[in-house]
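Engineer: Okay, handing you the structure first.
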Amino acid sequence: EPEVTQTPSHQVTQMGQEVILRCVPISNHLYFYWYRQILGQKVEFLVSFYNNEISEKSEIFDDQFSVERPDGSNFTLKIRSTKLEDSAMYFCASSFWSGGDNEQFFGPGTRLTVL
Amino acid sequence: QKEVEQNSGPLSVPEGAIASLNCTYSDRGSQSFFWYRQYSGKSPELIMFIYSNGDKEDGRFTAQLNKASQYVSLLIRDSQPSDSATYLCAVNFLNQAGTALIFGKGTTLSVSS
Numbered sequence: 006e007p008e009v010t011q012t013p014s015h016q017v018t019q020m021g022q023e024v025i026l027r028c029v030p031i032s033n034h035l036y037f038y039w040y041r042q043i044l045g046q047k048v049e050f051l052v053s054f055y056n057n058e059i060s061e062k063s064e065i066f067d068d069q070f071s072v073e074r075p076d077g078s079n080f081t082l083k084i085r086s087t088k089l090e091d092s093a094m095y096f097c098a099s100s101f102w103s104g105g106d107n108e109q110f111f112g113p114g115t116r117l118t119v120l
Numbered sequence: 744q745k746e747v748e749q750n751s752g753p754l755s756v757p758e759g760a761i762a763s764l765n766c767t768y769s770d771r772g773s774q775s776f777f778w779y780r781q782y783s784g785k786s787p788e789l790i791m792f793i794y795s796n797g798d799k800e801d802g803r804f805t806a807q808l809n810k811a812s813q814y815v816s817l818l819i820r821d822s823q824p825s826d827s828a829t830y831l832c833a834v835n836f837l838n839q840a841g842t843a844l845i846f847g848k849g850t851t852l853s854v855s856s
């Protein structure tokens, strides 16, 4: 069964460093998303992406965040200058819009630890 | 501010019983509703979704939606210990392509054998 994959599974970085989290969405899906989950808290939407443009973004997705689809398969989230509070699980998701269904399928996540 | 509320639990049921999980949401115009299951340290796994008022059944799971009351629930019949997880309610307020799911904090279910 097709699935969303993410790399790395765990990333440790120093505060102020840049990180890039990578995702490979399900191959025929057209819409891509990033969510995060701080330990013990709820899953929070960051951004959605379609046709090489951001469709929607939350207040969390400020100027230190960016997304890109550098090729036909990968979807990346870049955090330019990490802060301690960026420590969280980051989930990539994808969906195939078919006129009413917006089922989003999640990848296994990348645990980001900022020291 | 669009909100999704769930009782955090834990909800404890014996094996074989029916587990009932509830969720309320703030926006009457919300369009689609999703239930995800999340095991500790894992990602959300889609169980089922519902768009229309009434019940929708999928195996041991039944989702119930009442838009007038802004209420959605998930029933798990014949609960198994493997159902022990956190259940997340998510709402797509706009039901447009590429738009956000807003999640509740989740209800932790514990099924004892």
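These protein sequence lines map, in sequence, to chains A and B.
In terms of this note's numbering, the first sequence opens at residue 6 and continues consecutively.
In terms of this note's numbering, the second sequence opens at residue 744 and continues consecutively.
C-beta atoms are modelled at their ideal positions from N, C-alpha and C, and glycine is treated no differently.
Counting pairs of Cβ atoms below 8 Å between the stretch 830-842 of chain B and the stretch 770-778 of chain B, do you hit three or more?
Structural biologist: yes
Engineer: Inspect the CB distances between the stretch 762-769 of chain B and the stretch 815-835 of chain B and report whether three or more fall short of 8 Å.
Structural biologist: A contact exists between the stretch 762-769 of chain B and the stretch 815-835 of chain B.
Engineer: What does residue 824(B) pair with, by DSSP beta-bridge criteria?
Structural biologist: By one-based count along the second sequence, residue 824(B) stands at place 81. Paired residues: none, contrary to the question.
Engineer: Between which two residues does the beta strand (DSSP E) carrying residue 791(B) extend?
Structural biologist: The residue you call residue 791(B) lines up with position 48 of the second sequence. Segment 788-793, the beta strand (DSSP E) holding residue 791(B).
Engineer: Is it a yes or a no for the stretch 89-100 of chain A touching the stretch 34-50 of chain A, going by three-plus beta-carbon pairs under 8 Å?
Structural biologist: yes
Engineer: By how many angstroms is the C-alpha of residue 84(A) removed from the C-alpha of residue 25(A)?
Structural biologist: What you label residue 25(A) is simply residue 20 of the first sequence in a count that begins at 1. What you label residue 84(A) is simply residue 79 of the first sequence in a count that begins at 1. So the two alpha carbons sit approximately 6 Å from each other.
Engineer: Which residues in chain B sit within 8 Å of residue 108(A), going by Cβ to Cβ distance?
Structural biologist: On the first sequence, position 103 is the one that residue 108(A) refers to. By Cβ distance, chain B contributes 777, 789 and 792.
Engineer: Measuring CA to CA, which of 846(B), 853(B), 855(B) and 854(B) is closest to residue 788(B)?
Structural biologist: Residue 788(B) sits at position 45 when you count from the first residue of the second sequence. Measuring from the Cα of residue 788(B), the nearest candidate turns out to be 846(B).
Engineer: Going along chain A, which residues have a C-beta under 7 Å from residue 810(B)?
Structural biologist: Locating residue 810(B) in the second sequence gives position 67, counting from the first residue. Under the 7 Å cutoff, chain A gives no residues; its nearest Cβ is about 16 Å from residue 810(B).
Engineer: Between residue 836(B) and chain A, is the shortest Cβ-Cβ distance under 8 Å, so that the two count as touching?
Structural biologist: Along the second sequence, one-based indexing puts residue 836(B) at 93. Output row for residue 836(B): interface = no.
Engineer: Does DSSP put residue 117(A) in a helix, a strand or coil?
Structural biologist: Against the first sequence, residue 117(A) aligns to sequence position 112. In this structure, residue 117(A) counts as strand in the three-state DSSP scheme.
Engineer: Roughly how many angstroms separate the alpha carbons of residue 855(B) and residue 803(B), rounded to a whole number?
Structural biologist: Position 112 of the second sequence, counting from 1, holds the residue named residue 855(B). Position 60 of the second sequence, counting from 1, holds the residue named residue 803(B). Approximately 17 Å, taken between the alpha carbons.
Engineer: Give me whichever residues DSSP pairs with residue 39(A) in a beta bridge.
Structural biologist: Looking up residue 39(A) in the first sequence gives position 34. Its beta-bridge partners are 52(A) and 97(A).
Engineer: Rounded to the nearest angstrom, what separates residue 54(A) and residue 65(A) at their Cα positions?
Structural biologist: Stepping through the first sequence from its first residue, residue 54(A) is reached at position 49. Stepping through the first sequence from its first residue, residue 65(A) is reached at position 60. Here the C-alpha atom of residue 54(A) lies approximately 15 Å from the C-alpha atom of residue 65(A).
Engineer: Just how far apart, CA to CA, sit residue 109(A) and residue 791(B)?
Structural biologist: Working through the first sequence from its first residue, we reach residue 109(A) at position 104. Working through the second sequence from its first residue, we reach residue 791(B) at position 48. Straight-line measurement puts the Cα of residue 791(B) at about 11 Å from the Cα of residue 109(A).
Engineer: Do residue 842(B) and residue 60(A) count as a contact pair if the criterion is CB distance below 8 Å?
Structural biologist: Numbered from 1 along the first sequence, position 55 holds the residue referred to as residue 60(A). Numbered from 1 along the second sequence, position 99 holds the residue referred to as residue 842(B). Contact flag set, yes.
Engineer: Identify which residue in 102(A), 22(A), 87(A) and 7(A) has its Cα closest to the Cα of residue 32(A).
Structural biologist: Your numbering for residue 32(A) matches position 27 in the first sequence. The shortest Cα separation from residue 32(A) among 102(A), 22(A), 87(A) and 7(A) belongs to 7(A).
Engineer: Among 114(A), 80(A), 89(A) and 113(A), whose alpha-carbon lies nearest the alpha-carbon of residue 35(A)?
Structural biologist: In the first sequence, residue 35(A) corresponds to position 30, counting from 1. The shortest Cα separation from residue 35(A) among 114(A), 80(A), 89(A) and 113(A) belongs to 80(A).
Engineer: Looking only at its own chain, which residues have a Cβ that is under 7 Å from the Cβ of residue 27(A), when we skip the five neighbours before and after it?
Structural biologist: Here residue 27(A) is taken as the residue at index 22 of the first sequence, counted from 1. Within the same chain, residue 27(A) has close Cβ partners 11, 12, 79 and 81.
Engineer: Alpha carbon to alpha carbon, how far is residue 817(B) from residue 87(A)?
Structural biologist: In the second sequence, counting from the first residue as 1, residue 817(B) sits at position 74. In the first sequence, counting from the first residue as 1, residue 87(A) sits at position 82. Taking the straight line joining both Cα atoms gives about 38 Å.
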